Each structure stands twice: as C-alpha cells, then as structure tokens.
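Just so we're aligned, residue 11 is where the sequence shown starts under my numbering, counting upward by one. Just below is one structure, and these are the notes that go with it.
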Amino acid sequence: MYPAVSPCPADLTSSPLRGSLARLNHRGSTMTASLGALRRRDLELLFGRCPEGVFAQALELGAGDGCQSEFLSHYCRRLLCTEYNEARLQRRSLPGVEYAVLDATDLTSLPEASFDLIFSSNLLEHLPEVEQVLVGLRRLLAPGGLALHCLPNPTWKALQFGLYPAMKARALAWRLGLGTPHRSPAGQVGNNPSTGTVQRSRGLDRLLPAHGQSGDTLAEFRLFSRSSWRSTFASAGYTLLHERELQFHSPYRLGCPEILRRGLSGLGLACSTAYILAPGNEVPANALHLLP
11 MYPAVSPCPA DLTSSPLRGS LARLNHRGST MTASLGALRR RDLELLFGRC PEGVFAQALE
71 LGAGDGCQSE FLSHYCRRLL CTEYNEARLQ RRSLPGVEYA VLDATDLTSL PEASFDLIFS
131 SNLLEHLPEV EQVLVGLRRL LAPGGLALHC LPNPTWKALQ FGLYPAMKAR ALAWRLGLGT
191 PHRSPAGQVG NNPSTGTVQR SRGLDRLLPA HGQSGDTLAE FRLFSRSSWR STFASAGYTL
251 LHERELQFHS PYRLGCPEIL RRGLSGLGLA CSTAYILAPG NEVPANALHL LP
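Here it is, written out as structure tokens:
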C-alpha cells in the first residue's frame, strides 16, 4: 500500500526601449503558458510507441502542478505522483492516479520492488547526494522495472549563462510597470529547502546563480554533461539502456518561436536529455517500447 495521501544609465522609459522590454515580457508570458505543452511534447517523444497501460505501477517524482502526470497516466495502470512541496502538488481526478507529499530524498515509506517505472523530469539536478538517492530508487524498482530521468544538458546551461542579461532586463521591465509579470507556480521555491545549501563561489553566484544543488554555475557545465550523468548512474548500480535528446527551448521562460524550436530540435540541438536506465544488466521487456 502507498502511504496515506494528505488532503488536498539610459532612459529606460523611452519609447523604443519600452517597446523592446514590453515585447520581451510578452514572450515570457507566452512561454509560461506553453511550458506544460513543451513538457508533454517531451513525453510524446519518449512514450510515442508505448501501448496504453503498458506499465502496471509507476512512480512520478517531483510531479509539481501535474502538467506531465495526465499524459503519463495513459501508459500506467496505476500512477503515484509525488511532490515534496504540498503547495505545488495539484491533485487532478484521474483514473488510477494517486497523490502523496513525499521528498525524493526519503522514500523509505514506499514498499520495495513495487514499481516497474520511475519517472522524473528536471529533478535530479536539484538533489544533493544524488547518487545516494538513485540507490534508494533502485530499491523501489520491481524485477523488470526501469527508470527514466529527463535532465538539462550543457546546451541548456550555455543558454542559461548567455540569456541571463535578458532575464534581468525582463525583470527590470516588470519593475517599471511594463507588461504583466508571469506568475510562478504556486509554492515554487527552487531547490528543496530541507536539503540545506551547498557551498558556491560567492562572487560568481551573485553574478550568475547556479541552477541546481550540485555546485556553482561553472561546475554545472561539467555536471550536466552526458559523461557526468553516465558516471553517476553507473556508480548507483544502473545500466544505461539509451539516451534520447529531447527539444530545444529557452531558459527563464523567455520563449522561442515554434518554427525555430522545431528546426533546431530537428538538427539535434536539444536542451534536455532523457536517460533510460535498468537496475541490472538485462534489458526489461517494457524498455523495448522506449528504445529506437
């Protein structure tokens, strides 16, 4: 049984600059509205060949507002959606779907060998001691189970680095009353506050904050690489079955024209990578639906 679920110096106001900042703000609002669609498109790329209900029991970590949960539920006869921040967890009335407030760093309340799919999206980079967390997740996989983790890559990190001034310009536009700021999801607080704070390069971090919990912003170029994640997964006892590049998108929700996104994605320029993993050396039967 699952644990009990809790209830649910320039003239910044000049006309040309005002117009530029307002357009930048509008793109940010558009990106906010399309973020859920972008994430669901990632799942279409990954699960497009899977029959409905192929996974008997699945676990989603960091479900947040559930923008991916509904799509994921089509491929799972039972799905447990978890989120450490109750304010962010949006419970939807979906058949076979349950919700629980759980921290990915402490899933000891869940029974061993109970899930044949564990899924996360843009979560692992926010966890300290991620290798230890992955070892704990391996305990939850049933025989023949697999894990699928989507993570930002160095391309995304380079864009985060390069577009930081544009994000600050948009924030300045909001403070000047130019346009309407997009609202962050309810309860969004960044890295899990229960895990403490890692030591960072204080000078650089003030100039360009790191994204995740694993190190300072320059270290993340290496830590977000395929080779770094391969090493982490191997150390945690997983076999990497496949890596799949997903879509191109911009950090900070600055937006990206769809035709440009599709074109760059088609050229293989992706901002996130999906890793399909097995806890042993054998390829699970269900993994064949996800492999090329």
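Glycine included, every Cβ here is placed at the ideal spot set by N, Cα and C. What you are looking at is a predicted structure, and each value in this text was computed from that prediction instead of being measured.
For residue i, the first and last residue of its enclosing alpha helix (DSSP H)
{"i": "Gly278", "result": "No alpha helix (DSSP H) holds Gly278; DSSP gives it neither H nor E."}
{"i": "Glu80", "result": "79 to 83"}
{"i": "Pro164", "result": "164 to 172"}
Per DSSP, the bridge partner or partners of residue i
{"i": "Ala68", "result": "Leu89, Leu127"}
{"i": "Leu2", "result": "Because the chain here runs from 11 to 302, residue 2 falls outside it and cannot be looked at."}
{"i": "His136", "result": "In the DSSP output, where bridge partners are listed per residue, His136 has none listed."}
{"i": "Cys60", "result": "Bridge partners of Cys60: none, in fact."}
{"i": "Leu144", "result": "In the DSSP output, where bridge partners are listed per residue, Leu144 has none listed."}
{"i": "Asp116", "result": "Asp113"}
{"i": "Tyr285", "result": "His159, Glu253"}
Cβ distance (whole Å) where residue i is taken to contact residue j below 8 Å
{"i": "Leu90", "j": "Leu117", "result": "Their Cβ separation, rounded to whole angstroms, is 10 Å, which puts Leu90 and Leu117 out of contact at 8 Å."}
{"i": "Glu141", "j": "Ser275", "result": "Not confirmed; about 30 Å, so no contact."}
{"i": "Val145", "j": "Gly278", "result": "Between Gly278 and Val145 the Cβ distance is about 32 Å, and since that is not below 8 Å, they are no contact."}
{"i": "Glu108", "j": "Leu150", "result": "About 15 Å; that fails the 8 Å criterion."}
{"i": "Ala66", "j": "Asp126", "result": "6 Å"}
{"i": "Arg87", "j": "Gly106", "result": "6 Å"}
{"i": "Glu292", "j": "Gly222", "result": "Glu292 to Gly222, Cβ: 32 Å. No contact."}
{"i": "Phe129", "j": "Leu147", "result": "Actually they are not in contact, since the Cβ atoms of Phe129 and Leu147 sit about 11 Å apart, beyond 8 Å."}
Residue span of the beta strand (DSSP E) that contains residue i, given as start and end
{"i": "Ala110", "result": "107 to 111"}
Inset, instruction - Would you check if the stretch 89 to 106 and the stretch 150 to 160 touch, i.e. whether three or more CB-CB distances between them fall below 8 Å? - result: no
Inset, instruction - Could you tell me whether the stretch 165 to 172 touches the stretch 73 to 93, where touching means 3 or more Cβ pairs closer than 8 Å? - result: no
Inset, instruction - For the stretch 284 to 301 and the stretch 176 to 186, state whether three or more C-beta atom pairs, one from each stretch, are separated by less than 8 Å. - result: no
Legend entry - Any 3 or more C-beta pairs closer than 8 Å across the stretch 237 to 255 and the stretch 274 to 290: yes
Inset, instruction - For the stretch 229 to 268, list the alpha helix (DSSP H) runs that are entirely contained and at least 4 residues long, ordered along the chain. - result: 229 to 233, 236 to 245
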